[in-house]
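**Student:**
Numbering (this note's numbering), first residue to last: 20 to 253.
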């Protein structure tokens, strides 16, 4: 397994940029599809450049996809500029996810119930405290590996459900922030593994265990490196 920094040293910079730019679109496509609410095809995703009213794709679905590409770019930019993880950064990325769709970047002011979930999010009055405690733990107490840290922030955001919408997409972006900040390639959760992925979220909510998601991350990282190496050698 090669770290991303090593890959950058070994290959043509322009070709690597093309591979990573393509991945942004694939990542955004997977992100809006895994929760089953967006019908854009992957081919349509690659041709979509701006929201237009004369498309057969709804404006909402267009916005969801394009917003997510921009949110992913925000995370990449933050990693490159060494912007530290913080609640403000989390809110800024969330605001971009929901730009032009609904107000984003604000913790929920009401209780929510998740249909079919075996765990319900905490009362909204506890969200501020839970998010602050999550950040304090990550900043000052966390002793695990990068993969464990990436899994923990995603699982915590999923459990706290700090916003009315977009928590899953946000959690996956924050997971990738920690991976990329330590030199790993970003990974994407797609429809093929969504049942296993949702099981990993439930495992954390019920057992406080992040092992299932850590295993998924490790497997996807290996797959991602193999794919990138193959694309760069083509």
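For each residue, glycine too, the CB sits at the ideal point set by N, CA and C.
1) Leaving aside the five residues before and after residue 186 along the sequence, list all residues of the same chain whose C-beta is less than 7 Å from its C-beta, in chain order.
2) Enumerated in chain order, which unbroken segments of the alpha helix (DSSP H) with a length of 4 residues or greater are wholly contained in the segment 23-100?
3) Counting Cβ pairs, one atom from each stretch, are 3 or more of them under 8 Å apart for the segment 142-149 and the segment 190-208?
4) Since I believe residue 115 is in contact with residue 89 (beta carbons under 8 Å), could you give me their beta-carbon distance rounded to a whole number of angstroms?
5) Measuring straight from C-alpha to C-alpha, what distance separates residue 154 and residue 189?
6) To the nearest angstrom, how far is it from the Cα of residue 202 to the Cα of residue 219?
7) Please name the residue, chosen from 199, 141, 81, that lies closest to residue 96 on a Cα-to-Cα basis.
8) Quick one: any contact between the segment 67-77 and the segment 103-111, if contact means 3 or more CB pairs under 8 Å?
9) Assuming residue 166 contacts residue 233 under a Cβ cut-off of 8 Å, what Cβ separation, rounded to an integer in Å, is found between them?
10) Do you know offhand how far residue 216's Cα is from residue 157's?
11) Residue 33 to residue 45, Cα distance in whole Å?
12) Which of the three DSSP states is assigned to residue 118 in this structure?
13) Report buried or exposed for residue 236, applying the criterion of at least 16 other Cβ atoms within 10 angstroms of its Cβ.
14) For residue 121, count neighbouring C-beta atoms within 10 Å of its own C-beta (all shown protein chains included) and say buried if the count is 16 or more, exposed if not.
15) Tell me which residue opens and which closes the alpha helix (DSSP H) that residue 246 is part of.
16) Could you say which of 183, 134, 223, 209 lies nearest to residue 49 if we only look at CA atoms?
17) Leaving out the 5 sequence neighbours to the left and right, which residues in its chain are closer than 8 Å to residue 133 when beta-carbon positions are compared?
18) State the DSSP-derived secondary structure class of residue 102, mapped to helix, strand or coil.
19) For residue 229 and residue 171, which I take to be in contact (beta-carbon distance under 8 Å), what is that distance rounded to the nearest angstrom?
20) With a CB to CB cut of under 6 Å and the five nearest residues on each side skipped, what residues in its chain are close to residue 61?
21) Tell me the rounded alpha-carbon separation between residue 240 and residue 207.
22) So is residue 249 buried or exposed if we call it buried at 16+ other beta carbons inside 10 Å?
23) With a threshold of 7 Å on Cβ separation, who are the neighbours of residue 38 within its own chain once the five nearest residues in sequence on each side are excluded?
**Tutor:** According to the structure data:
1) Numbered from its first residue, the chain shown carries residue 186 at position 167. Only 176, 177, 180 meet the Cβ criterion.
2) 23-29, 32-52, 61-66, 78-99
3) no
4) Locating residue 89 in the chain shown gives position 70, counting from the first residue. Locating residue 115 in the chain shown gives position 96, counting from the first residue. Yes, residue 89 and residue 115 are in contact; Cβ-Cβ is about 5 Å, under 8 Å.
5) Walking along the chain shown from the start, residue 154 turns up at place 135. Walking along the chain shown from the start, residue 189 turns up at place 170. Spanning the two alpha carbons is a distance of roughly 15 Å.
6) Within the chain shown, numbered from 1, the residue matching residue 202 stands at position 183. Within the chain shown, numbered from 1, the residue matching residue 219 stands at position 200. So the alpha carbons of these two residues sit roughly 24 Å apart.
7) If you number the chain shown from 1, residue 96 lands on position 77. Comparing Cα positions, the closest option is 199.
8) no
9) For the purposes of this step, residue 166 is identified with residue 147 of the chain shown, where counting begins at 1. For the purposes of this step, residue 233 is identified with residue 214 of the chain shown, where counting begins at 1. Their Cβ separation, rounded to whole angstroms, is 6 Å, which keeps residue 166 and residue 233 in contact under 8 Å.
10) What you label residue 216 is simply residue 197 of the chain shown in a count that begins at 1. What you label residue 157 is simply residue 138 of the chain shown in a count that begins at 1. Going from the Cα of residue 216 to the Cα of residue 157 covers about 22 Å.
11) The count along the chain shown starts at 1 and reaches residue 33 at position 14. The count along the chain shown starts at 1 and reaches residue 45 at position 26. Approximately 19 Å, taken between the alpha carbons.
12) Along the chain shown, one-based indexing puts residue 118 at 99. Residue 118: coil per DSSP, three-state reduction.
13) Here residue 236 is taken as the residue at index 217 of the chain shown, counted from 1. Its Cβ being crowded by 16 or more others within 10 Å, residue 236 is buried.
14) The residue labelled residue 121 in the question sits at position 102 within the chain shown. Under this definition residue 121 is an exposed residue.
15) Within the chain shown, numbered from 1, the residue matching residue 246 stands at position 227. Segment 230-252, the alpha helix (DSSP H) holding residue 246.
16) In the chain shown, residue 49 corresponds to position 30, counting from 1. Answer by Cα proximity: 209.
17) In the chain shown, residue 133 corresponds to position 114, counting from 1. So the qualifying residues of the chain are 139, 140, 180.
18) By 1-based counting over the chain shown, the position of residue 102 is 83. Coil.
19) Reading the chain shown from its first residue, position 210 is the one you call residue 229. Reading the chain shown from its first residue, position 152 is the one you call residue 171. That pair is a contact at about 6 Å.
20) Counting from one through the chain shown, the residue named residue 61 turns up at place 42. Excluding residues within five positions, the ones whose Cβ falls inside 6 Å are 48.
21) In the chain shown, residue 240 corresponds to position 221, counting from 1. In the chain shown, residue 207 corresponds to position 188, counting from 1. Taking the straight line joining both Cα atoms gives about 9 Å.
22) Within the chain shown, residue 249 is the residue found at index 230, counting from 1. Flag for residue 249 reads exposed.
23) Along the chain shown, read from residue 1 onward, the residue named residue 38 stands at position 19. The residues are 247, 250, 251.
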